[in-house]
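Residue numbers (the working numbering): 687 to 893. We treat Cβ as the ideally placed atom computed from N, Cα and C, and that holds for glycine. Worksheet: one structure, shown below.
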Amino acid sequence: YKPWKYDGKWWVVLPNSQGTHVWRLDGTSWTRTLTISSSSASKADCKVVGNLTHIFLYQGTSSQLVSVEYSPSAGQYQFWSARPSPATISLDAGVQTGTIEVDTRGRMWLATDGTNEIFVRWSDPPYTNWSSRISLVNNVTNDDLCAIIAMPSENKIGVMWSNQNSKRFGFRTHIDGANPTQWSQDEVPASQSAANVGDGMADDHIN
687 YKPWKYDGKW
697 WVVLPNSQGT
707 HVWRLDGTSW
717 TRTLTISSSS
727 ASKADCKVVG
737 NLTHIFLYQG
747 TSSQLVSVEY
757 SPSAGQYQFW
767 SARPSPATIS
777 LDAGVQTGTI
787 EVDTRGRMWL
797 ATDGTNEIFV
807 RWSDPPYTNW
817 SSRISLVNNV
827 TNDDLCAIIA
837 MPSENKIGVM
847 WSNQNSKRFG
857 FRTHIDGANP
867 TQWSQDEVPA
877 SQSAANVGDG
887 MADDHIN
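Given below as structure tokens:
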């Protein structure tokens with residue numbers, strides 16, 4: 687769960703028995719401000735873009751993207767007027783998690799894992815309709831994970847993943863605005879430091 691700070695307040699998305707909510711830190715107490723899902727098992731990844739916060743709610747093979755905008759007069763978030771309803775995103779068998787990023791062109795990317803593959807999908811504003819999956823690697827284990835990050839100074843996004851078969855991490859980049867299927871070769875980051883000891887370098891822990 688990713689907390690963020692906006693308008694001098696800390697915010698976080700967390701579930702409880704009543705659903706999944708946006709919470710605001712008031713002093714030392716968290717105040718529930720907006721219910722964004724009826725699911726009490728959502729796991730959230732949040733991306734702040736100005737007064738908007740896009741929230742990927744991981745809920746297995748049928749997950750959701752919820753977007754909220756900040757209302758200064760109310761001092762809290764409300765659903766984004768450009769897309770007030772959640773966007774449903776169908777994911778692959780074996781998926782364990784997903785992370786989102788927005789590139790310098792405003793395109794949103796979602797990185798997820800499958801049974802033996804790492805995938806990305808993309809969507810343009812207001813992020814209602816999503817592309818089909820693009821496979822970045824197809825020889826990982828069903829326990830491996832991935833994460834995506836924007837690198838705006840280089841006009842790129844990057845995806846890192848673990849590969850417990852090769853005992854290495856992998857990393858590929860995409861230039862903002864290029865064909866969505868065009869990605870760099872695997873950089874195999876820090877491979878010069880890998881040692882053939884135990885399970886090797888890679889495991890399924892990426893932040």
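Check: Take histidine 891 and list the residues in its own chain whose beta-carbon comes closer than 8 Å to its own, dropping the five residues that flank it on each side.; Outcome: Leu831, Ser848
Check: Tell me which residue opens and which closes the beta strand (DSSP E) that glutamine 762 is part of.; Outcome: 762–765
Check: Let me check understanding here. Comparing Cα to Cα, which of Pro838, Arg854, Glu755 lies closest to tyrosine 692?; Outcome: Glu755
Check: Work out the CA separation of glutamine 850 and glycine 920 for me, nearest whole Å.; Outcome: Outside the modelled stretch of the chain, which goes from 687 to 893, sits residue 920, for which no answer is possible.
Check: I'd like to confirm the pairing. Which residues does DSSP put opposite lysine 729 in its beta bridges?; Outcome: Tyr744
Check: Return the bridge partner residues of tryptophan 690 from the DSSP annotation.; Outcome: Trp697
Check: Going by DSSP in three states, serine 877 sits in which element: helix, strand or coil?; Outcome: helix
Check: Taking C-alpha atoms, which residue in Val806, Val823, Val826 lies nearest to serine 817?; Outcome: Val806
Check: How would you call valine 883, buried or exposed, if buried means at least 16 neighbouring beta carbons within 10 angstroms?; Outcome: exposed
Check: Report yes or no: do three or more beta-carbon pairs, one from the segment 744–755 and one from the segment 775–793, lie closer than 8 Å?; Outcome: yes
Check: Could you please give the first and the last residue of the uninterrupted beta strand (DSSP E) stretch that includes arginine 820?; Outcome: In the sequence as displayed, the identity of residue 820 is isoleucine instead of arginine. Residues 820–823.
Check: Would you report the Cα separation of phenylalanine 857 and serine 723, rounded to the nearest angstrom?; Outcome: 33 Å
Check: Tell me where the beta strand (DSSP E) around alanine 888 begins and ends.; Outcome: Segment: none, alanine 888 is in no beta strand (DSSP E) and carries neither H nor E.
Check: Between valine 699 and valine 735, how many whole angstroms is the CB-CB distance? I'm expecting something under 8 Å.; Outcome: With 8 Å as the limit, valine 699 and valine 735 do not qualify as a contact, their Cβ atoms being about 15 Å apart.
Check: Could you tell me if aspartate 810 is buried or exposed, where buried requires 16 or more neighbouring beta carbons within 10 angstroms of its beta carbon?; Outcome: exposed
Check: In this structure, does DSSP put serine 703 in helix, strand or coil?; Outcome: coil
Check: Helix, strand or coil for serine 724? Go by DSSP, reduced to three states.; Outcome: coil
Check: Since I believe isoleucine 804 is in contact with leucine 822 (beta carbons under 8 Å), could you give me their beta-carbon distance rounded to a whole number of angstroms?; Outcome: 5 Å
Check: DSSP has asparagine 849 in a bridge; who is on the other side?; Outcome: Arg854
Check: Between the Cα of arginine 854 and the Cα atoms of Asn865, Ala881, Lys729, which residue gives the shortest distance?; Outcome: Ala881
Check: Can you give me the start and stop residues for the beta strand (DSSP E) that threonine 798 sits inside?; Outcome: 794–799
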